[in-house]
Structures are given as structure tokens and as C-alpha cells.
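Report on one structure; see the data block that follows.
In this note's numbering, the protein residues as written are 5 to 432.
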């Protein structure tokens, strides 16, 4: 563990806040701070949405999937606290449409996240821990989003919902679960929470059954980071000192468990809901970034926007004036921050530098599949899964089913593509 890196981590945090205060508008500074917290939490808890399927398939462990269910339920409770005595239409709730686009997008996204071993937020943290893989994935992710913009913005099978509810029609046309329980005495939120708890419980039950089956077949190997996270805390208050290396490590560097990470992410989601009246999104800016790249190569803003069926404003807007772009940048900084205070940045960065040409092609396919899939499903693992479920949208649960199916297909494809590799790379 490098003490120099830990000191540098403190410097990075202070500089990020000072520079943000000096050059960003207040709303953008808030997004930077939230992004820093998200990146730090995702890295410290070794948590990512892609791992919920990938770890289960590759190691047999479903602990991450179960932790995500905890996060989904806690976040829905916190969302209900905001909405219970408020007008839901005052919030930008992600009650996404239910259609063939949602399903196909879920399959494509799951397929891609299996190939690239990350998702829309994971690719940001992985720029630090696996630069070549993440960079290739991000470039093609952006391409996929950009190519999908005209479909998302014009196709009825992506925009129109097969089913809707009274309040759902005020948003994107999907089904808002509290509408189904308007008779429960709490504006439908009690019934919606009970149903959310039931659905989370079903996923947890199925996860345990799957993990049990893998153990019975002797194909369960466990996940190294999860094993490390679960090591007992040897802290003894008898030797406690406020200003000591041990205290610093315990407070800022010791890895969190998956449950701790889920709890912190739930709180951060609530902060987003309370301050921005919207949930967590990540993927749309990647297509905008790709459009900006086209501008660098001489393509006109009107041509870039015309293809995407969007206004040119999105593509000419300065990077640090877009809230989600700033938040995504903060996630990268937050990842760097944690690895620095943990004293392992240099070692971790070096370990992720080596990939083969064949792996690069697979990562490109993964990024393209994920990017295009987000336009069909109107979001990624945070925009089509986490936020909709936390916002009581039925679409999130449907997306989860097809995401898992796509993840299994992607892992099968990846296993075949790297059948001759003993370890590392995609299946490492």
C-alpha cells in the first residue's frame, strides 16, 4: 500500500472540489460531487450491475444480484418518501414504455455487458482499472448510442407502450405501479412497495436456488473480491487512535461489503431524487460524445444532429455544461480517488493494460451492442433497470428478465470465442 498515493488521493479530492467550485455552475458542481461519491462507492464496494449476471454465470456467486435487490427496494422506499405527499408529475420519473424495444434492448445490453465485462457506469470505473478494454468499449458504446438515436427518436415500437396506467401516461407512457393500488389508503405506494418487495424476494429466492445448484454440481468457485470483502474486521477499540494509518485505512480504504455499497448507493440515489427530481442516468451522453467526435473531424453540427433526429444544441453544448456528462466525469474521478486512498492505483492500473487483438474485437462488439441496446430500451442498467424500478415502473422488471437472458447468451458466446484461452481476458 503506497502512502504517497494516499496523500495524492487527498490532494485529488481537494483539487476536484476547489476547481469545481471555481469553474462550474452550482448545479454542475452538485453533479460532480455526486459523481465522485458514486465512483468512490462503486469501486470501494467492488459493485457493478454487469457483475450481477457475469459473476453468477462465471463463478456461481449470486451475492451481487442479491445485493442489488436490497438496493432496489431501499431506493424504492426512499422514492416513496419523496412522492407520498407530493405531485408525482413534479418529478422526472422514469416510467418507461413497455414494448418490443424494451425487450430487444435488454437482450442486446446484456449480451454486450457480458462481452465487455462492464456496463454504462462500469465502463467509467474500468477506464481506471482496465484502460484498453474500457476505452475500446466506450468508443463503440458511443457509436452504438449514436446509431440508435434515430431509432429511439422516431420508431413507434420504441416510443409507444403496449400498456400504460393513469399516471404512467404523464411520463413515458409505461405502467406506474402505485396506480394499481390507488385504493390502499396511501396513494398506492404501500401496495407498490409490497409488490416491489415481493419481486425482489422472488429474484433473491431464484438466486439462492441457482447458487445452490452450482454448489451441488461442484461448479461453484466463488468470486475473489467478494471473498476479500467478507474477511472479518480485526479492529480492536483498545488500540484505537484517531490520527493513525490504521484509522485512515479503516475509514477510507478498507473495502466495503456489497450490502454496505448497496446502502450507500441508495442514499446517493435519494440525493439525486431530492436535488434534481430525477434518477440516475448515464448512457445518452456517450452518443453525444461520439457526435462531438464527428464534429472534430469536420462533420457539421446540422448533419450530426440531423442523422440523430435531434437538435444541434446537444452536440455543440460545452462538455461541462451537461449535467450527466459532468456526473460521469465525476465517477471516473471517484474511482481514481478510492484507488489512491487505498494505495493501489498504480498497481491496479498496470494490471489492466494488456489485451489481445481478439479481445479488442470482442470488446468493440460488446460496446456496440450495449450502446445500440440502450436506445431501444430507453436506458442502460441505471436508466432502464435501477431508476425505473426505484421509480415504481413495471418496465424495469421486464428489462431485468431480458437483461439476464442477454447476459447468458453473451457469456456463452464469449466462452466459445475464448475457448482456447486458459485464463485472463474476457473470462478472467
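For glycine and all other residues, C-beta sits at the position ideal for the given N, C-alpha and C.
Based on Cα-Cα distance, which residue from 156, 74, 87 lies nearest to residue 106?
The residue you call residue 106 lines up with position 102 of the chain shown. The shortest C-alpha separation from residue 106 is found at 156.
From the DSSP secondary-structure annotation, give me the bridge partner or partners of residue 282.
Here residue 282 is taken as the residue at index 278 of the chain shown, counted from 1. Answer by DSSP bridge pairing, in chain order: 96.
Under the rule that 16 or more other beta-carbon atoms within 10 Å means buried, what is residue 230, buried or exposed?
Taking the chain shown and counting its residues from 1, the one referred to as residue 230 is at position 226. Flag for residue 230 reads buried.
Return the Cβ separation of residue 99 and residue 172 in integer angstroms, given the expectation that the two are a contact with Cβ distance under 8 Å.
Mapped onto the chain shown, residue 99 falls at position 95. Mapped onto the chain shown, residue 172 falls at position 168. Approximately 5 Å separates the beta-carbon atoms of residue 99 and residue 172; this is inside 8 Å, confirming the contact.
In whole angstroms, give me the CA-to-CA distance for residue 142 and residue 340.
Here residue 142 corresponds to residue number 138 of the chain shown, with the count starting at 1. Here residue 340 corresponds to residue number 336 of the chain shown, with the count starting at 1. For residue 142 and residue 340, the distance between alpha carbons rounds to 18 Å.
Considering only the beta carbon of each residue, do residue 285 and residue 120 sit closer than 9 Å?
Position 281 of the chain shown, counted from the first residue, corresponds to residue 285. Position 116 of the chain shown, counted from the first residue, corresponds to residue 120. Not in contact: residue 285 and residue 120 (Cβ atoms no closer than 9 Å).
Other residues of its chain near residue 513: CB distance less than 6 Å, five sequence neighbours each side excluded
This structure does not reach residue 513, given that the chain is present from 5 up to 432, and the question cannot be answered.
Taking buried to mean at least 16 other C-beta atoms within 10 Å of its own C-beta, is residue 92 buried or exposed?
The sequence position of residue 92 within the chain shown is 88, counting from 1. With 16 or more other Cβ atoms within 10 Å, it is buried.
I need the DSSP call for residue 397, collapsed to helix, strand or coil.
Stepping through the chain shown from its first residue, residue 397 is reached at position 393. Of the three classes helix, strand and coil, the one that applies to residue 397 here is strand, per DSSP.
In whole angstroms, what is the alpha-carbon distance linking residue 12 and residue 344?
As a working note, residue 12 is residue 8 in the chain shown. As a working note, residue 344 is residue 340 in the chain shown. Each residue's Cα considered, the two are about 7 Å apart.
Checking the sheet assignment: what are the DSSP bridge partners for residue 145?
Here the question's residue 145 lines up with position 141 in the chain shown. Its beta-bridge partners do not exist; DSSP assigns none.
Tell me the rounded alpha-carbon separation between residue 20 and residue 219.
Residue 20 sits at position 16 when you count from the first residue of the chain shown. Residue 219 sits at position 215 when you count from the first residue of the chain shown. Going from the Cα of residue 20 to the Cα of residue 219 covers about 46 Å.
Rounded to the nearest angstrom, what separates residue 293 and residue 225 at their Cα positions?
The residue you call residue 293 lines up with position 289 of the chain shown. The residue you call residue 225 lines up with position 221 of the chain shown. Approximately 39 Å, taken between the alpha carbons.
Restricting to runs no shorter than 4 residues, where is the alpha helix (DSSP H) found entirely within the segment 306-386?
317-320, 327-345, 349-355, 361-381
Identified DSSP bridge partners for residue 180:
In the chain shown, counting from the first residue as 1, residue 180 sits at position 176. Per DSSP, 397.
Member of 16, 54, 80 whose CA lies at the smallest distance from the CA of residue 398
Counting from 1 along the chain shown, the entry for residue 398 is found at position 394. That would be 80, whose Cα lies nearest to the Cα of residue 398.
Answer yes or no: do residue 264 and residue 49 have a C-beta to C-beta separation smaller than 9 Å?
Locating residue 264 in the chain shown gives position 260, counting from the first residue. Locating residue 49 in the chain shown gives position 45, counting from the first residue. Against a cut-off of 9 Å, the Cβ pair of residue 49 and residue 264 comes out as a contact.
If we ignore side chains and look at the alpha-carbon of each, how far apart do residue 305 and residue 382 end up?
In the chain shown, the residue the question calls residue 305 occupies position 301. In the chain shown, the residue the question calls residue 382 occupies position 378. About 24 Å.
Do you know how far the Cα of residue 122 is from the Cα of residue 60?
Locating residue 60 in the chain shown gives position 56, where the first residue counts as 1. Locating residue 122 in the chain shown gives position 118, where the first residue counts as 1. Going by the C-alpha atoms only, they are around 14 Å apart.
Quick one: Cα of residue 400 to Cα of residue 139, how far?
Working through the chain shown from its first residue, we reach residue 400 at position 396. Working through the chain shown from its first residue, we reach residue 139 at position 135. So the two alpha carbons sit approximately 28 Å from each other.
Look up residue 222 in the DSSP assignment and say whether it is helix, strand or coil.
The sequence position of residue 222 within the chain shown is 218, counting from 1. In the structure shown, residue 222 sits in coil (DSSP, three-state: anything other than H, G, I, E or B).
In chain order, what residues of the same chain lie with their CB nearer than 8 Å to the CB of residue 110, ignoring the 5 residues before and after it?
Locating residue 110 in the chain shown gives position 106, where the first residue counts as 1. Excluding positions up to five away in sequence, the list reads 377, 381, 388, 402, 403, 404, 405, 406, 407, 409, 410.
Our contact map puts residue 197 next to residue 71 with C-beta atoms below 8 Å; I'd like the distance itself, whole angstroms only.
By one-based count along the chain shown, residue 197 stands at place 193. By one-based count along the chain shown, residue 71 stands at place 67. Going by Cβ atoms, the distance from residue 197 to residue 71 rounds to 19 Å, so no, they are not a contact pair.
Using the Cβ count rule (16 or more neighbours within 10 Å means buried), how would you classify residue 416?
Along the chain shown, read from residue 1 onward, the residue named residue 416 stands at position 412. So residue 416 counts as exposed.
Thinking C-alpha only, which one of 132, 362, 275 is nearest residue 354?
On the chain shown, residue 354 is found 350 positions in, with the first residue counted as 1. Answer by Cα proximity: 132.
Given a threshold of 16 other Cβ atoms within 10 Å of its Cβ, counted over all protein chains shown, does residue 183 qualify as buried or as exposed?
Along the chain shown, one-based indexing puts residue 183 at 179. Per the 10 Å Cβ criterion, buried.
Taking all protein chains shown into account, decide if residue 223 is buried (16 or more other Cβ within 10 angstroms of its Cβ) or exposed.
As a position in the chain shown, residue 223 is number 219, starting the count at 1. Exposed, by the Cβ-count rule.
Cα-Cα separation, residue 37 to residue 221
Taking the chain shown and counting its residues from 1, one reaches residue 37 at position 33. Taking the chain shown and counting its residues from 1, one reaches residue 221 at position 217. Take the alpha-carbon of residue 37 and the one of residue 221: they are about 46 Å apart.
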